[in-house]
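Novice: UniProt numbering applies: residue 1 is where the sequence shown begins, and numbers increase by one.
Ideal Cβ positions, reconstructed from N, Cα and C, are used throughout, including at glycine.
If you scroll down you'll find the structure; I have some questions about it.
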Amino acid sequence: MSVIIVGGGIMGVSTAYYLSKRKVDTLIIEKEQLGSAASGRAGGFLAKDWCSHNEMDVLAQNGFDLHMKLADEFGSACDYRRVNTYSISLSPGKSSGSSNSPSWVNAKVKHCSLIGDSTTTAQVHPKKLTDELFRRAQYLTNQGTKLKITRVIGLEFSTSNTSAPKVSGVRVIESSTLNSEVIPASLVILTTGPWSKEAVSWLPSGCLNPNKFHGRRAHSIILKPKIEKSPIDAKCLFMDYQNSEFSCSPEVYPRPDNTVYVCGLGDGAPVPSSKDQVEIESWRCNRLKEIVTSVVPSLKDAEMITESACYLPLVSDGYPVIGQIPGLSNVYIATGNSCWGILTGPISGRLLTAVILKNNPNLIQSTNSNVTDQMELDEKKAQDDLLQQPAVVPGHSPGTEVAVAGLGPATK
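What follows is the structure in structure tokens.
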């Protein structure tokens, strides 16, 4: 059987990785490169208990623990580390000398509190994690996990008088020749992030409501301090910043390579038809640098090595969408994890793998794999245990699989 994953971000690659641990080959189809959208531009901040009052809670807690296990497995390849995290209200100017704030903050601190320590907050490099998950999936399947760079423009379905439509292939178009072809598929997984509205429009009418899916743009920069400046330690900041002209809430994540990731200033710009059409508004990036350098003097001469924008994948009711698409036996989806996509990406991929293989046990191969029998047994147990957790995804009941977890009826 041929399994195709549409979308090469953290969701798609995580799903490929956990399928590879169960001896399943996949083909990932991505227009540009792995992690070319939000999964390569996100900050990689991880929090265990920050979703305790919303629909992401169990995914977040399981996701945080899974990142720790991946860090043990992958070593330093993905720049994982534990951090202390602060909420800080401030304005530019001479430091007020708050004893609670990080030593490298030099501003009028109105309030500073520790909102996460090394047991509940951490960080990872999203692009490095995405690439490492794919590399490991390739190894575990003896290169059976593959990547094809091309654009998907639709799905092909076969029908009969006695059964519901089944996907039979993925239609792609080559950008250089504009020639299209259909790649045969026995099972398709949609991990298309903020472009899920378009992907859902490929499905037969009534399966899902495309208008539930959208995205929100966020800007980010990466600063590289001068070498002679003091290193900025592993303390992440969630800032409430005010001056005489504006107020905003940027986030600051120092990284192990001594660069500093800064994000914020989100806006409602509509999702473009393609990720290569995402517009970067330089004034937003410059404003982020202006803010962070006004409160962290050691960054004043830092080089802004990256200006970026990406879209967070959202669903109108706030629930992540993970599972089998209603009315289709061989099409699955994982999207809508919002700003917690990196935190919950691997656990979502593991959960989706568990659902797929419970429904399609014949996908598992017995040859051409570097997966040991014990590794597969351990992974199967972890996936089965995940399915038994109540409300691992909203709408999921222990021992059962909802068609699309948390979404409800397709016409909702």
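In three-state DSSP terms, what is Y18?
Specialist: Residue 18 sits at position 18 when you count from the first residue of the sequence shown. Residue state, collapsed to three classes: helix.
Novice: Taking one C-beta from the segment 22 to 38 and one from the segment 56 to 68 each time, how about it: are there three or more such pairs within less than 8 Å?
Specialist: The segment 22 to 38 is not in contact with the segment 56 to 68.
Novice: Should P398 go down as buried or exposed, given a rule of 16 or more other Cβ atoms within 10 Å for buried?
Specialist: One-based indexing of the sequence shown puts residue 398 at position 398. Because the pLDDT of P398 is 36, which lies under 50, any placement of that residue in the model is unreliable, and the question is left without a value.
Novice: Between which residues of its own chain and S247 is the CB-CB distance below 6 Å, once the five residues before and five after are set aside?
Specialist: For the purposes of this step, residue 247 is taken as residue 247 along the sequence shown, with counting starting at 1. Nothing listed; no residue qualifies.
Novice: Rounded to whole angstroms, how far is the Cβ of residue 414 from the Cβ of P320, which I believe are closer than 8 Å?
Specialist: Since the first and last residues shown for the chain are 1 and 412, residue 414 lies out of range.
Novice: On the DSSP letters alone, give me the boundaries of the alpha helix (DSSP H) that N62 sits inside.
Specialist: Reading the sequence shown from its first residue, position 62 is the one you call residue 62. Start and end: 57 to 74.
Novice: Near S52, which residues of its chain fall below 7 Å by C-beta distance, leaving aside the five closest residues on each side in sequence?
Specialist: Locating residue 52 in the sequence shown gives position 52, counting from the first residue. Once the five neighbours on either side are set aside, S52 has no close Cβ partner at all.
Novice: If I follow the unbroken beta strand (DSSP E) through S89, where does it start and stop?
Specialist: As a first step, residue 89 is located in the sequence shown; it is residue number 89 there, counting from the start. 84 to 91 is the span of the beta strand (DSSP E), which, as asked, contains S89.
Novice: The beta strand (DSSP E) that contains P254, what's its start and end?
Specialist: Locating residue 254 in the sequence shown gives position 254, counting from the first residue. It spans 251 to 254 - the beta strand (DSSP E) in which P254 sits, taken as one unbroken run.
Novice: By a C-beta neighbour count over all protein chains shown, 10 Å radius and 16 as the cutoff for buried, is P256 buried or exposed?
Specialist: On the sequence shown, residue 256 is found 256 positions in, with the first residue counted as 1. Its Cβ having fewer than 16 others within 10 Å, P256 is exposed.
Novice: Spatial neighbours of K412 within its chain, please: C-beta separation below 6 Å, excluding the five flanking residues on both sides.
Specialist: By one-based count along the sequence shown, residue 412 stands at place 412. Because the pLDDT at K412 is just 29, under 50, the model does not fix this residue reliably, and the point stays unresolved.
Novice: Thinking just about the alpha-carbon of each residue, which of A122, Y80, L114, A137 is nearest to the one in R350?
Specialist: Counted from its first residue, the sequence shown places residue 350 at position 350. Comparing Cα-Cα distances from R350 to each of A122, Y80, L114, A137, the minimum goes to A137.
Novice: Thinking just about the alpha-carbon of each residue, which of D317, T353, L70, V152 is nearest to the one in K275?
Specialist: As a working note, residue 275 is residue 275 in the sequence shown. When only C-alpha atoms are compared, the closest one is V152.
Novice: When the distance is taken between beta carbons, is L363 closer than 8 Å to V83?
Specialist: As a first step, residue 83 must be located in the sequence shown, where it is residue number 83. As a first step, residue 363 must be located in the sequence shown, where it is residue number 363. The answer is no: Cβ separation not under 8 Å.
Novice: Which residues in the same chain have their Cβ closer than 6 Å to the Cβ of L19, if we skip the five residues on either side of it in sequence?
Specialist: Here residue 19 refers to the residue found at position 19 of the sequence shown. Closer than 6 Å at Cβ, skipping near neighbours: T26, T353.
Novice: Closer than 8 Å is the cut-off here; do at least three beta carbon pairs connect the segment 321 to 335 with the segment 289 to 308?
Specialist: Not touching, per the Cβ criterion.
Novice: What does a CB cutoff of less than 6 Å around V3 pick up in its chain, not counting 5 residues either side in sequence?
Specialist: The sequence position of residue 3 within the sequence shown is 3, counting from 1. Excluding residues within five positions, the ones whose Cβ falls inside 6 Å are T26, L187.
Novice: Cα separation between Q383 and L357?
Specialist: As a first step, residue 383 is located in the sequence shown; it is residue number 383 there, counting from the start. As a first step, residue 357 is located in the sequence shown; it is residue number 357 there, counting from the start. Rounded to whole angstroms, Q383 to L357 spans 10 Å at the Cα level.
Novice: Comparing alpha-carbon positions, which option in S282, N62, A47, D233 lies nearest residue 414?
Specialist: An answer regarding residue 414 cannot be provided, because it is not within the stretch 1 to 412 covered by the chain.
Novice: According to DSSP, simplified to helix, strand and coil, what is I4?
Specialist: Taking the sequence shown and counting its residues from 1, the one referred to as residue 4 is at position 4. Reduced to three states, the DSSP call for I4 is strand.
Novice: Would you kindly work out how many angstroms separate the C-alpha atoms of Q61 and A42, rounded to a whole number?
Specialist: Your numbering for residue 61 matches position 61 in the sequence shown. Your numbering for residue 42 matches position 42 in the sequence shown. Those two C-alpha atoms are separated by around 19 Å.
Novice: How is T177 classed by DSSP in three states: helix, strand or coil?
Specialist: As a working note, residue 177 is residue 177 in the sequence shown. T177 falls in the coil class under three-state DSSP.
Novice: Starting from the Cα of E156, find the closest Cα among I10, K148, L328, T15 and give me that residue.
Specialist: The count along the sequence shown starts at 1 and reaches residue 156 at position 156. Out of I10, K148, L328, T15, L328 has the C-alpha closest to the C-alpha of E156.
Novice: Indicate the three-state DSSP secondary structure (helix, strand or coil) for V262 in the structure shown.
Specialist: Here residue 262 is taken as the residue at index 262 of the sequence shown, counted from 1. Reduced to three states, the DSSP call for V262 is strand.
Novice: Taking all protein chains shown into account, do 16 or more other C-beta atoms lie within 10 angstroms of the C-beta of V167, making it buried, or fewer, making it exposed?
Specialist: Reading the sequence shown from its first residue, position 167 is the one you call residue 167. It is buried - the Cβ of V167 has at least 16 other Cβ atoms within 10 Å.
Novice: Pull up the DSSP beta-bridge partners for P361, would you.
Specialist: In the sequence shown, the residue the question calls residue 361 occupies position 361. Note: P361 sits in no beta bridge, so no partner.
Novice: Could you check where the beta strand (DSSP E) with T335 kicks off and where it finishes?
Specialist: Reading the sequence shown from its first residue, position 335 is the one you call residue 335. Note, T335: beta strand (DSSP E), 331 to 335.
Novice: May I ask you to report which of helix, strand or coil DSSP gives L343?
Specialist: Residue 343 sits at position 343 when you count from the first residue of the sequence shown. L343 falls in the helix class under three-state DSSP.
Novice: Tell me, which residues are paired with A218 by DSSP?
Specialist: Working through the sequence shown from its first residue, we reach residue 218 at position 218. DSSP, once it has assigned bridges, lists C310 as partnering A218.
Novice: Tell me whether V295 sits in a helix, a strand or coil according to DSSP, three-state version.
Specialist: Walking along the sequence shown from the start, residue 295 turns up at place 295. If DSSP states are grouped into helix, strand and coil, V295 belongs with the helices.
Novice: Determine whether the beta carbon atoms of P102 and K235 lie at a separation below 8 Å.
Specialist: Reading the sequence shown from its first residue, position 102 is the one you call residue 102. Reading the sequence shown from its first residue, position 235 is the one you call residue 235. In contact: P102 and K235 (Cβ atoms closer than 8 Å).
Novice: Tell me whether G154 sits in a helix, a strand or coil according to DSSP, three-state version.
Specialist: Taking the first residue of the sequence shown as position 1, residue 154 is located at position 154. Here G154 sits in strand by DSSP.
Novice: Mind reading off the beta-carbon distance from V105 to V292? Whole number of angstroms is fine, and I expect it under 8 Å.
Specialist: By 1-based counting over the sequence shown, the position of residue 105 is 105. By 1-based counting over the sequence shown, the position of residue 292 is 292. Not a contact, Cβ separation roughly 10 Å.
Novice: With L265 and R284 assumed to form a contact (beta carbons below 8 Å), what rounded beta-carbon distance in angstroms separates them?
Specialist: As a position in the sequence shown, residue 265 is number 265, starting the count at 1. As a position in the sequence shown, residue 284 is number 284, starting the count at 1. Indeed they touch by this definition, with Cβ atoms about 5 Å apart.
Novice: Quick one: residues in its chain with C-beta nearer than 7 Å to the C-beta of residue 424, no 5 flanking neighbours on either side, listed in chain order?
Specialist: The shown model of the chain, from 1 to 412, leaves out residue 424, and the question about it has no answer.
Novice: Put I10 into one of helix, strand or coil per three-state DSSP.
Specialist: The residue labelled residue 10 in the question sits at position 10 within the sequence shown. Helix, per DSSP.
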